[in-house]
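The structure under discussion appears below in the form of C-alpha cells.
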Amino acid sequence: DANGKLVSKEYWGLRNLAYKVKKNSRGHYVLFNIDSEYAAVAEMNRVIGYNEDIIRSLTFAVETHFEESELFVSANAKDYKAGKVPVKKEPSKIDLVLDQVQFEA
C-alpha cells in the first residue's frame, strides 16, 4: 500500500531496438518520473513484469527530477506535442497500456 506521485510522463516515440527482443525490432519508449518510496517502485516493477506488451523496462533512482528532457524525443513525438499531427479519436494500444500505469496521490 505504498503511495507514489507521477511527476511527469514523456513519450519518446517509436524507435529501433539495438537488438531484437522477443522478435521485436522496434519499440515505444516512454519516460516516467515518479516520486515514491521504494515499496511503490518495487510494486510497479512487479506489475510491469506481468504485462506482455512491455518487453523491457529500466528503473533507476535519481536525486532530482528534471523537467521534460527533449534529449531523446523523436521528431514525430515533437510534432505530436506541438499539435502538428492530427490527434486520433481512438486511443492507440500504447496509450491504453500507458493509462494502466496508475499512481495514488
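Here the sequence shown is numbered in the numbering used here, starting from 1397 and rising by one per residue. The beta-carbon is built from N, C-alpha and C at its ideal position, and this holds for glycine as well.
Straight-line Cα distance separating residue j from residue i
i: residue 1456; j: residue 1488; result: 27 Å
i: residue 1490; j: residue 1450; result: 10 Å
i: residue 1495; j: residue 1420; result: 22 Å
i: residue 1439; j: residue 1454; result: 14 Å
i: residue 1422; j: residue 1435; result: 31 Å
i: residue 1444; j: residue 1414; result: 21 Å
i: residue 1417; j: residue 1492; result: 21 Å
CB of residue i within 7 Å of CB of residue j, strictly
i: residue 1427; j: residue 1459; result: no
i: residue 1400; j: residue 1432; result: yes
i: residue 1403; j: residue 1441; result: no
Reduced DSSP secondary structure (H/G/I, E/B, other) of residue i
i: residue 1406; result: strand
i: residue 1399; result: coil
i: residue 1489; result: helix
i: residue 1435; result: helix
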